[in-house]
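Undergrad: Numbering (our numbering), first residue to last: 461 to 603.
Note that beta-carbon positions come from the ideal geometry of N, C-alpha and C, so glycine has one too.
It should be emphasised that the depicted structure is a prediction, and the values quoted were computed from it without experimental measurement.
Input: one structure, supplied below.
Take a look at the structure:
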């Protein structure tokens, strides 16, 4: 039995949490886990929370390439939105994989989150700063 530790971080803003049911499937280079409902005692996925879970698999999944999130209705509650910041997975051998998302998840849906670094930039802002740096260098070289 292979045990994977999962951390799910919900953004710390108003109404970022959800009452919906959240499940996960880990997809690795050697296979995928069964669907596992993420449910601890008490409220999960509230604004600013870092919730921790374990997922067991009969086989070693290898490098974790993708986390599949399934957002489904919980009891009689109507659908709501959830701001998933990121998910981290620690493998049985200690490897740590990050799955940044930083988006709202609306409705009852399935979302595939690939492994990544989660760099999100405002390119207009960066372009203006780069242009200003170039102008400063040009001015210094002309002196």
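Starting from the C-beta of residue 469, find all residues in its chain whose C-beta is less than 7 Å away, skip the five residues before and the five after it, and write them out in chain order.
TA: Excluding residues within five positions, the ones whose Cβ falls inside 7 Å are 510, 545 and 546.
Undergrad: Determine whether the beta carbon atoms of residue 540 and residue 480 lie at a separation below 8 Å.
TA: Yes, the Cβ-Cβ distance between residue 540 and residue 480 is below 8 Å.
Undergrad: Short check: CB of residue 466 to CB of residue 515, under 8 Å?
TA: Going by C-beta atoms, residue 466 is nearer than 8 Å to residue 515.
Undergrad: Hey, could you find the ends of the beta strand (DSSP E) residue 544 is sitting in?
TA: Taken as a continuous stretch (DSSP letters only), the beta strand (DSSP E) holding residue 544 covers 542-550.
Undergrad: Consult DSSP for residue 496 and reduce its assignment to one of helix, strand or coil.
TA: Three-state result, residue 496: strand.
Undergrad: Please work out which residues of its chain come closer than 7 Å, Cβ to Cβ, to residue 506, disregarding the five sequence neighbours upstream and downstream, and give them in chain order.
TA: Hits under 7 Å: 470 and 477.
Undergrad: With a threshold of 6 Å on Cβ separation, who are the neighbours of residue 497 within its own chain once the five nearest residues in sequence on each side are excluded?
TA: Closer than 6 Å at the Cβ level, and outside the excluded window around residue 497, lie 483.
Undergrad: Whole alpha helix (DSSP H) runs in the stretch 495-533 with 4 or more residues, listed along the chain?
TA: Within the stretch 495-533, no complete alpha helix (DSSP H) run reaches 4 residues.
Undergrad: What does the Cβ neighbour count give for residue 473, buried or exposed, with the cut at 16 atoms within 10 Å?
TA: By the neighbour-count rule (16 or more Cβ atoms within 10 Å), residue 473 is not buried but exposed.
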